[in-house]
Structure formats: C-alpha cells, structure tokens
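The next block holds one structure in the form of structure tokens; read it before the comments.
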Amino acid sequence: MEATYLIGVDIGTSSTKVIAVQQDGKVIAHHQQDYPTRQPQPGYSEQDPEEILKTVKSGIRSVAGLLKQDPAAISFSCAMHSVMAVDKDHQALTPLIIWADNRSQQIADRIHASSEGVMLYQQTGVPVHPMSPLCKIIWWKEQAPEIFTAAARFIGIKEYIFFHFFERYITDHSIASATGLFNIHQLEWNTLSLELAGITPAQLPEAVPCTRIITGLATAVAAEMGIPDTTTFIAGGSDGCLAQLGSHALDAGHATLTIGTSGAVRMAVSKPVTDVQGRLFTYVLTPGHFITGGASNNGGVLVQWFLEAFVQAVAEKKMQVDNALQQALAIAPGTEGLLCLPYLHGERAPVWDGHTKGAFIGVLPQHNAWHFMRALLEGMGYGLLSITEALEETAGAINKISVSGGFTASAGWVQMLADLFQRPMHLQREGDASAMGAILLGFQALNITPGIEAVQPVKVFIPDASHAETYRVAYTVYKKLYGALKEVFREI
4 MEATYLIGVD IGTSSTKVIA VQQDGKVIAH HQQDYPTRQP QPGYSEQDPE EILKTVKSGI
64 RSVAGLLKQD PAAISFSCAM HSVMAVDKDH QALTPLIIWA DNRSQQIADR IHASSEGVML
124 YQQTGVPVHP MSPLCKIIWW KEQAPEIFTA AARFIGIKEY IFFHFFERYI TDHSIASATG
184 LFNIHQLEWN TLSLELAGIT PAQLPEAVPC TRIITGLATA VAAEMGIPDT TTFIAGGSDG
244 CLAQLGSHAL DAGHATLTIG TSGAVRMAVS KPVTDVQGRL FTYVLTPGHF ITGGASNNGG
304 VLVQWFLEAF VQAVAEKKMQ VDNALQQALA IAPGTEGLLC LPYLHGERAP VWDGHTKGAF
364 IGVLPQHNAW HFMRALLEGM GYGLLSITEA LEETAGAINK ISVSGGFTAS AGWVQMLADL
424 FQRPMHLQRE GDASAMGAIL LGFQALNITP GIEAVQPVKV FIPDASHAET YRVAYTVYKK
484 LYGALKEVFR EI
C-alpha cells in the first residue's frame, strides 16, 4: 500500500469504533465493538474499564491486520466525563463512572448554590453538574472515604488505556477541559477545583496538547495489537470536539448536531466563552479553537429504552430499530397533542438538572405506542433546539448545521429535525465524525496535509414549511414544561 494511512480510535459510551483512513480521505478499514453500561442502583452508570481496554486493543488489531503496511500513527477520540480511582500499585479501586451517573447530584446542588459555583463555571467552562469528575471525586471523599484515601490518582478511560500502553498517565487538554478540574484559560489544573475536591495536581494525569505525539508503546501490548512497538500515537481529544473537526465545522457559524447514545449541538469559537445563564459548556481543542455548545443526556439511549420497555414485538419478532422508527415517524407532526419531556436520565444542557425525570403530557385515548415514540423523538428535538437557541445567543448566529451520529441512518429522523428546526440539515459523508476528527488531528500533528477535497454533504434535508406552525406551537408549550415540573421532580 503506497498511501499513508492513519488509524483513528473513537472510545464511545456504548462502543469503540476504529477506522483506517488514507491520506486522500478514503476509509479503508472499519471495526466496531459494543460494551454494556451497568446501573447497579438508580442514578448509577458504570462500566468495566478492562472490558473497554480489550475492545480498543482488539479493534486496533482487527484493523491493522487487514492492511499490509504499518500505520503512520494512531490517534484517539474519547467520550468525556469518565472517572475512576486507582491505587499506588495502579490497581482499579472503582468501576469507571461515566457521564450519565447522577449519584453526586446533591454535591452539584450545593456547589451550584455557593459562591464558588459561578467562579468554577467561568474558570473551567463546565457547568456544575453530577456528570463532571469534580463532583464525582467529591462524592467519593464524602460518601466513600476509604476509596478516596486509598486513591493515588483519579483518571478517565483514556488515561487508563494510555497507562496500559505507555505506563504513563496522560490526558489531553480537550478531555481535561471537560472534567470541571481544568482551567481553560490557563490550560492547567484549576486551583479552586482542586481545593474543593481535596486533591493535588499529582493525583491527576499529565495534561498535554491534543496534538502531542506519544511513543514508547509496551512491547507486549504492541504484540497483542499486531503493530510495531515503535508506532507513533497522537494524544487526541474528546469525541465532541473531534466530531466538530471531523465534520469540517471549525468555520464561524457552522454548528454540528449529533445524536448517538446522547445528543449535542456545538460550534467552534476562537476564544473561551461562557453563557450568563450557565447553559453551555466550552471545551479546548487546539490553540485558537474552542468548542462551545450543549449536550443532552438523552439521545438514542431513549429509543432503545422505549423499545425494550414497551414494544413487545422487539422480543417476539426481533423488530429492527429502523422499522420501529418508520412506524413512529408515520405519525403526523405534533403527535396529536402528545408532548414528551425526555429527561429519563436527568438532563444536562440547557437545564443542567440531574433531578429531572421523563414526562408525557397531553395523553388522549387515541394515542398508541407509536404516538409515544414519536413524542419521544420530538421531545429530543425540542431539547436540541433549545440548546441551539442558547448557542446563538452566546456565540453568534448559526448559518449551517451539519448532522452526524447513529441517528443519521434514519432519513426520516433527520427530516423530522429539519422540519422541527425549520433549518436545512447537512448530512456529511463520513458517519463516524469523531473518529474522522481523530484522523484529521493526527495528520495535523504529523504535519501531513491530507488530500481531502472540500467536503460536500451527501444530502441536504430541506425543511417542510407546512409543518412549521405545528412545531412552533408545540415547542412553545414544551418550553413551559420544565419550569412547571421542576419542583415536582424533586418531590418524586
């Protein structure tokens, strides 16, 4: 093989994707492997870090094994907000606690109401919320002091994997900036955050730029993956920031909308910004590129929940998700007055409230299972629209929205969002935007200019103006629901 190629690894919430991409942008190999999230108690969301490490190694081995030439480098994308404790002998003291875990909600409430709450948001760019490793570490300090005391370091899943690869605890500025522990202005661990958590910088990984080249792969690990131990690695970044890069959306006014396990709307800005209402995050990518926006806890995970909980045909007839979506999307826009507040896992942007719960409003006798599923999809859409409005208020006008993530496999779902937003949705050719972002970052780190032509969308979904009024009226009501139910959620 003459063309230079890179391997991009995207460690997501529900699976790890590994792709190999030539210098001309052609994807020449692909591998994906799933793993579960466990919820041993209400509000808990945990994963086995060893299980994820195995999928990363097997994914690299599978992709590298398909190709006759060694990769120029391997670059990483990774889900944000995970944390676990390890002892002085580098043994795990806890499972991996992921973004969806809400056990530290009371701690987040306390900090949010304190004088430090606003300062933390301004310094770190991360709203105070139980998703953040900051709140999770404080929870261990207060609720599991034996773990906190024994912990030599607090790390996320990428740092766990990198330690097994290089025997060094390394994170990147992008992942670090999502922890609530990192100052996005000074690009170092944040003093106020450390004081609140009761830890020192030595208990956190070394934070390096996203383009940092890392070498020294352990020989035994290299043999497991079928690559040389001289292979170059790129630190990489967070899946959200790299989805922006992978969607070629670093230009002003170009937003990305992603729905995978969760959902998000993001836009690139040239300097850190914070929202006066605290609705948005701002994360670091590379010098001069910051990613601001908002993420929802509730995306494709809700579709899976609904089908497993209420559609018996899934178990009996193995109905595919796309068939179920077709049934739901056949219901008329507005769902005959049925509305859904889709906060089954609490919510991040724009409300940042882990107390929230799901709710269906306006139930009538004519509503069947597919009405409820359609309302769920529309509720997700309204949530993303509210994030988009906050983004425009804070970072400026949006002139283009590119869509990516698993939901793009359903043209009807993308069209529904175009109609609901009353904006065109641009579907990019590369579905694995985060993995592709890792590839592009790798080329940048190696000073290789990829021969990728200007990216044209596969399809532009044009909004149907005939549905505009229906969605406008429903969205007006939707925006009232959280405020009306906020205190009720805290009582149930």
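Going by the working numbering, the residue at position 231 of the sequence shown is 234; the numbering climbs one at a time, nothing skipped.
Using N, Cα and C, we set each Cβ at its ideal position, and we do this for glycine too.
Just so we're clear, the structure is a prediction, and the values are computed from it rather than from any experiment.
Per DSSP, cross-strand counterpart(s) of residue i
i    : result
N270 : A quick correction: the sequence has Met, not Asn, at residue 270. Partner(s): A258, T295.
C81  : I14, S241
S407 : T261
V21  : V12, H34
L99  : Q50
Y286 : I294
F157 : A88
D73  : Answer is none; D73 lacks a bridge partner.
T182 : Partner(s): none; T182 has no beta bridge.
T174 : A210
R41  : E49
Beta carbon of residue i nearer than 8 angstroms to that of residue j
i    : j    : result
G302 : T264 : yes
M83  : I178 : yes
Q146 : L99  : no
A372 : D278 : no
A378 : L341 : yes
K20  : C81  : no
T214 : A448 : yes
Y124 : L344 : no
W102 : S117 : no
S135 : G183 : yes
T131 : I158 : Sequence inspection shows Val at residue 131; the Thr mentioned does not correspond to that position. Not a contact, by the Cβ cut-off of 8 angstroms.
T203 : L195 : no
I262 : G409 : yes
H370 : E396 : no
I22  : A412 : no
A76  : I334 : no
I455 : D27  : yes
G384 : L420 : yes
L220 : F165 : no
L96  : I14  : no
L407 : S250 : One detail in the question is off: residue 407 reads as Ser in this sequence, not Leu. Yes. Within cutoff.
W416 : L367 : no
P133 : G297 : no
L347 : L305 : yes
Whole-number beta carbon distance between residue j and residue i, since they are thought to touch under 8 angstroms
i    : j    : result
Q425 : P460 : Incorrect: roughly 18 angstroms between the Cβ atoms, too far for contact.
E227 : I173 : Not confirmed; about 20 angstroms, so no contact.
V10  : A67  : Here residue 10 is Ile; the residue named in the question, Val, does not match the sequence. Indeed they touch by this definition, with Cβ atoms about 7 angstroms apart.
V129 : F284 : 6 angstroms
S389 : P353 : 5 angstroms
V268 : L430 : Not a contact, Cβ separation roughly 16 angstroms.
G349 : N105 : 5 angstroms
D73  : P231 : 6 angstroms
V12  : I55  : Rounded, the Cβ-Cβ distance is 11 angstroms, inconsistent with contact.
Q42  : S18  : Their Cβ separation, rounded to whole angstroms, is 18 angstroms, which puts Q42 and S18 out of contact at 8 angstroms.
H167 : V224 : 7 angstroms
L443 : L248 : 5 angstroms
K3   : G201 : Within the shown structure, residues of the chain are numbered from 4 to 495, placing residue 3 beyond reach of any answer.
V287 : H176 : 4 angstroms
A414 : M376 : A414 to M376, Cβ: 17 angstroms. No contact.
Any C-beta of chain B under 8 angstroms from that of residue i
i    : result
E191 : Looking for chain B here will not work: only one protein chain is present.
beta-carbon residue i near the ligand COA non-hydrogen atom, thresh 7 angstroms
i   : result
A23 : Absence of the ligand COA from the depicted structure is noted, as is the absence of any ligand whatsoever, leaving it without description.
TODO: Kindly provide the ranges of any alpha helix (DSSP H) runs that are 4 or more residues long and lie completely inside the region 185-257, ordered along the chain.
DONE: 194-200, 222-228, 242-249
Task: Touching by the beta-carbon criterion (3+ pairs, under 8 angstroms), the region 472-485 and the region 255-275 - done: no
TODO: Could you pull out every unbroken beta strand (DSSP E) segment of at least 3 residues lying fully inside the region 310-380, listed in chain order?
DONE: 342-345, 361-364
Task: Runs of beta strand (DSSP E) lying entirely within the region 425-463, each at least 3 residues, in chain order - done: 428-430
TODO: Flag this pair as touching only if the region 247-262 and the region 390-408 have three or more C-beta atom pairs under 8 angstroms; answer yes or no.
DONE: yes
Task: Segment contact flag, the region 288-305 with the region 235-251, C-beta cutoff 8 angstroms, min 3 pairs - done: yes
Task: Inside the region 111-136 only - alpha helix (DSSP H) runs reaching at least 4 residues - done: 118-127
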